[in-house]
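Residue numbers (our numbering), protein chains in the order written: chain A, 9 to 107; chain B, 741 to 1363.
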């Protein structure tokens, strides 16, 4: 494996799109995470013991759900970013962004 | 506890550590430049980097600390798993690609890319050092914990062994070897944790948990005796001392401690400076069991459930009729004034075991603040950890930084799901060391045989090695690259910069060894929670505002980092955990009841940045 100097990656025409998408998805996850925290705080833990499905309580289902949701959102984000990068790839020539 | 590894386990352990050292030496030959030393030349494949992220991140705190906390406190430990993983969302969606675009070697490069300010270089380098050292303490502590039962060596020897090995790794190789060590370790940790959980599911749950065996084959599990005060008096016991619900009795000059629980009393384990369970050469016995399995009779419970799947395993433990013995500890001064640590059982229902509220209660205002504060720090801390941030510079492009983060989320998320099973399994499997719950997951492995124990312990040890190596590379980068080369403008050559980094690695390693010994016995995940709080307070406001607020100025960033560090550390150092722990006093002596600083220090750091930036706006060209 090659271990040369760190490389500059050049201009990225999709960066604006990716940045906005990232912030949007971050806000969605943030709200769901806050929902977990405040459900526990506001009900003094009582809501967390409610059995939700298959003998599992809200604490377990919500907690596991947050972990799984993170991966699902990450995959969606990567899919959309990769698609945009491919779409925008043709707009860059010799390091210059064509208008 | 006096559990010792077998010769086979010591061979497996030594072979694993030897392999790690060989990898370091092998890649050392390839890291001659500063880019090679600090950023592996920016040429690591994103998939390898993703698993290495997992290796970096799944530190002693994740494997030892979370499993230990779940084993003793139930669901509360799992809150760390949720928060640690959620933090990667911040890293992926907001930080990963911009950090890669802006930086070269270190997090300071990225922060300073726009301003070229000496103040930012200094503040960010100090922040990197402080966070790295906060994070190093629990790793070193965990290493000592592991070595005790595996090699039969004292805790402090374990800390020194890790320190010496890691200093050797970092001083010889840098980021390339650290990356491959992390890749190997991260992969093995996932594989063998999965195997451990499969074994656990196949064994199922039983009220007759298999006991760990001592050196001479004796059964070590501690089942607390039950009695009433009157019953003890009738047997000839004398009550020597009472402190709240704890009483010290004596029978035939042999002392014992009991805890009142309703009408009944439970016999506790105890330890003074010279005696353990009443004997000068005594030992603490492993604990933790399920007393009643919901929906099963006592006879059925003793026979066990047989094979379970992950959902039925959790459902059995959540059942309201399930009763689980949780183990806690407290410190009491007896009638002679001697400080005694009491380890006592508390039987809780499955309902209480499987919801938050044992350690992180949310009844009072302060408790609610503490809980919100913890979850806030875990969420915002990940994307601000210097040893995680530097890994964005080991891949060739921002797209690779993104993809490696997604691999990391998949690997880390899967592991955190496993922690719930490993922790709960250890908690009901008679595999908790009451004095140090950090060993719960390796001891759970021991209940399945010495080979699995040796492999899991070796991986856990390598976990510590890898994480400590990553932290020391980050810290040495802060000193040599950010401070010496850029802040003091010493204009170091490539060779001198690498040499300076190695000297810095040596010094930081020594500091970590000393602190690792001082913080013995404190849950490592709890300590890492503080490192997250300091990182989230000092670094994240600066990173986010730099990316998303055009009015951010260099003085604003410097002030924000400074206020973040001081406020977070100040709240921790004057808080209850420090008074009850290292200061040797009680939690009530603390200057305030807030155990977690994030709820105050993170907003304060943001606010400081905004105010100072608005006060230091550059004058418009037209003026």
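Note that CB positions come from ideal geometry on N, CA and C, so glycine has one too.
This one's a predicted model, so the numbers in the text were calculated from it and none came from an experiment.
With a threshold of 9 Å between beta-carbons, can residue 1156 of chain B be considered close to chain A, or not? What you label residue 1156 of chain B is simply residue 416 of the second chain in a count that begins at 1. Residue 1156 of chain B counts as touching chain A.
Just the C-alpha distance for residue 1152 of chain B and residue 1201 of chain B, rounded to the nearest angstrom, thanks. The sequence position of residue 1152 of chain B within the second chain is 412, counting from 1. The sequence position of residue 1201 of chain B within the second chain is 461, counting from 1. Each residue's Cα considered, the two are about 18 Å apart.
Chain A contact for residue 1094 of chain B (CB, 9 Å cutoff): Locating residue 1094 of chain B in the second chain gives position 354, where the first residue counts as 1. Closer than 9 Å: yes.
Pick out whichever of B:1154, B:1228, B:964, B:1004 has its Cα sitting closest to the Cα of residue 858 of chain B. To locate residue 858 of chain B, count along the second chain from 1; it is residue 118. Comparing Cα-Cα distances from residue 858 of chain B to each of B:1154, B:1228, B:964, B:1004, the minimum goes to B:1228.
Need the endpoints of the beta strand (DSSP E) that residue 1222 of chain B sits in, please. Here residue 1222 of chain B refers to the residue found at position 482 of the second chain. Unbroken run through residue 1222 of chain B: none, as it is neither H nor E.
Output needed for residue 935 of chain B: all residues of its chain with C-beta closer than 8 Å, excluding positions within five of it in sequence on either side, in chain order. Counted from its first residue, the second chain places residue 935 of chain B at position 195. Hits under 8 Å: 1192.
Is there a C-beta anywhere in chain C that falls below 9 Å from the one on residue 1097 of chain B? Protein chains A and B are contained in the structure displayed, whereas chain C is not.
Nearest to residue 1242 of chain B by alpha carbon, out of B:1220, B:1186, B:1231, B:1260? Taking the first residue of the second chain as 1, we reach residue 1242 of chain B at position 502. The shortest C-alpha separation from residue 1242 of chain B is found at B:1220.
What does the alpha-carbon distance come out to for the pair residue 4 of chain A and residue 990 of chain B? Outside the shown range of chain A (9 to 107) lies residue 4 of chain A, about which nothing can therefore be said.
Can you have a look at residue 1300 of chain B and say buried or exposed, based on whether 16 or more other CB atoms are within 10 angstroms of its CB? Walking along the second chain from the start, residue 1300 of chain B turns up at place 560. By the neighbour-count rule (16 or more Cβ atoms within 10 Å), residue 1300 of chain B is buried.
Between which residues of its own chain and residue 895 of chain B is the CB-CB distance below 6 Å, once the five residues before and five after are set aside? If you number the second chain from 1, residue 895 of chain B lands on position 155. The residues are 884, 888, 1260.
Beta-carbon spacing of residue 1055 of chain B, residue 62 of chain A below 9 Å: Taking the second chain and counting its residues from 1, the one referred to as residue 1055 of chain B is at position 315. Taking the first chain and counting its residues from 1, the one referred to as residue 62 of chain A is at position 54. Yes, they are a contact pair.
Can you give me the Cβ contacts of residue 59 of chain A inside the same chain, cut-off strictly under 7 Å, excluding the 5 residues immediately before and after it? Counted from its first residue, the first chain places residue 59 of chain A at position 51. Excluding sequence neighbours, residue 59 of chain A sits near 65.
CB of residue 903 of chain B within 9 Å of CB of residue 1252 of chain B, strictly: For the purposes of this step, residue 903 of chain B is identified with residue 163 of the second chain, where counting begins at 1. For the purposes of this step, residue 1252 of chain B is identified with residue 512 of the second chain, where counting begins at 1. Yes, these two residues count as a Cβ contact at 9 Å.
Look at the alpha carbon of residue 14 of chain A and the alpha carbon of residue 1304 of chain B, and state the distance between them as a whole number of angstroms. Counting from 1 along the first chain, the entry for residue 14 of chain A is found at position 6. Counting from 1 along the second chain, the entry for residue 1304 of chain B is found at position 564. Residue placement at residue 14 of chain A is poorly supported in this model, since its pLDDT is 43, which falls under 50; the coordinates are not used for a value here.
Please determine, among B:1216, B:1170, B:1254, B:1250, the residue with the shortest C-alpha to C-alpha distance to residue 1237 of chain B. Residue numbering aside, residue 1237 of chain B sits at position 497 when the second chain is read from its first letter. The shortest Cα separation from residue 1237 of chain B among B:1216, B:1170, B:1254, B:1250 belongs to B:1216.
Per-residue contacts from residue 26 of chain A into chain B (C-beta, under 7 Å): Numbered from its first residue, the first chain carries residue 26 of chain A at position 18. Correct list: 837.
Counting only beta-carbon atoms, is residue 95 of chain A nearer than 9 Å to chain B? By one-based count along the first chain, residue 95 of chain A stands at place 87. Answer no: the Cβ-Cβ gap between residue 95 of chain A and chain B never drops below 9 Å.
Does DSSP classify residue 1018 of chain B as helix, strand or coil? As a working mapping, residue 1018 of chain B is identified with position 278 in the second chain. Looking at residue 1018 of chain B - three-state DSSP - the assignment turns out to be coil, as it is neither helix nor strand.
Contiguous beta strand (DSSP E) assignments of at least 3 residues, all confined to the region 1028-1074 of chain B: 1063-1073
Quick one: which chain A residues come within Cβ less than 7 Å of residue 815 of chain B? One-based indexing of the second chain puts residue 815 of chain B at position 75. Here the neighbours are 67.
Name the chain A residues that come within less than 9 Å of residue 887 of chain B, Cβ to Cβ? Within the second chain, the letter at position 147 stands for residue 887 of chain B. By Cβ distance, chain A contributes nothing, its closest Cβ being about 31 Å from residue 887 of chain B, past 9 Å.
Note down the Cα distance separating residue 1080 of chain B from residue 1129 of chain B, rounded to an integer number of angstroms. Indexing the second chain from 1 puts residue 1080 of chain B at position 340. Indexing the second chain from 1 puts residue 1129 of chain B at position 389. Their backbone Cα atoms lie some 44 Å apart in a straight line.
If we call anything under 9 Å between Cβ atoms a contact, is residue 926 of chain B one with residue 833 of chain B? For the purposes of this step, residue 926 of chain B is taken as residue 186 along the second chain, with counting starting at 1. For the purposes of this step, residue 833 of chain B is taken as residue 93 along the second chain, with counting starting at 1. Contact flag unset, no.
Anything in chain B within Cβ reach of residue 78 of chain A, meaning under 7 Å, just list it in chain order. Position 70 of the first chain, counted from the start, is the residue given in the question as residue 78 of chain A. Here the neighbours are 825, 826, 828, 829, 1149, 1153.
Mapping the DSSP letters down to three states, classify residue 1086 of chain B as helix, strand or coil. Your numbering for residue 1086 of chain B matches position 346 in the second chain. Three-state DSSP puts residue 1086 of chain B in a strand.
Indicate whether residue 1053 of chain B and residue 941 of chain B have their beta-carbon atoms separated by less than 9 Å. One-based indexing of the second chain puts residue 1053 of chain B at position 313. One-based indexing of the second chain puts residue 941 of chain B at position 201. Contact: yes.
So which residues on chain B does residue 31 of chain A lean against when the C-beta distance must stay under 8 Å? Position 23 of the first chain, counting from 1, holds the residue named residue 31 of chain A. Chain B residues near residue 31 of chain A: 833, 834, 1288.
Taking the alpha helix (DSSP H) that residue 994 of chain B belongs to, which residues open and close that run? Your numbering for residue 994 of chain B matches position 254 in the second chain. First-last for residue 994 of chain B: 994-1001, but that is the beta strand (DSSP E), not the alpha helix (DSSP H).
Could you say if the region 1104-1121 of chain B and the region 818-826 of chain B meet the contact criterion of at least three C-beta pairs nearer than 8 Å? yes
In chain order, what residues of the same chain lie with their CB nearer than 7 Å to the CB of residue 923 of chain B, ignoring the 5 residues before and after it? Taking the second chain and counting its residues from 1, one reaches residue 923 of chain B at position 183. Within the same chain, residue 923 of chain B has close Cβ partners 788, 791, 792, 795.
Residue 880 of chain B and residue 897 of chain B closer than 9 Å at C-beta: For the purposes of this step, residue 880 of chain B is taken as residue 140 along the second chain, with counting starting at 1. For the purposes of this step, residue 897 of chain B is taken as residue 157 along the second chain, with counting starting at 1. No, Cβ-Cβ distance for residue 880 of chain B and residue 897 of chain B is not below 9 Å.
Ranges of the alpha helix (DSSP H) found wholly within the region 869-914 of chain B, counting only runs of at least 4: 895-912
Would you call the CB atoms of residue 1309 of chain B and residue 870 of chain B closer than 9 Å? Start at 1 with the first residue of the second chain, and residue 1309 of chain B comes out as number 569. Start at 1 with the first residue of the second chain, and residue 870 of chain B comes out as number 130. Closer than 9 Å, so yes.
Assuming residue 989 of chain B is part of the alpha helix (DSSP H), what are its boundary residues? Within the second chain, the letter at position 249 stands for residue 989 of chain B. From DSSP, residue 989 of chain B is part of no alpha helix (DSSP H) but of the beta strand (DSSP E) over 986-991.
Under DSSP, the beta strand (DSSP E) around residue 58 of chain A begins and ends at which residues? Your numbering for residue 58 of chain A matches position 50 in the first chain. First-last for residue 58 of chain A: undefined, no H or E at that position.
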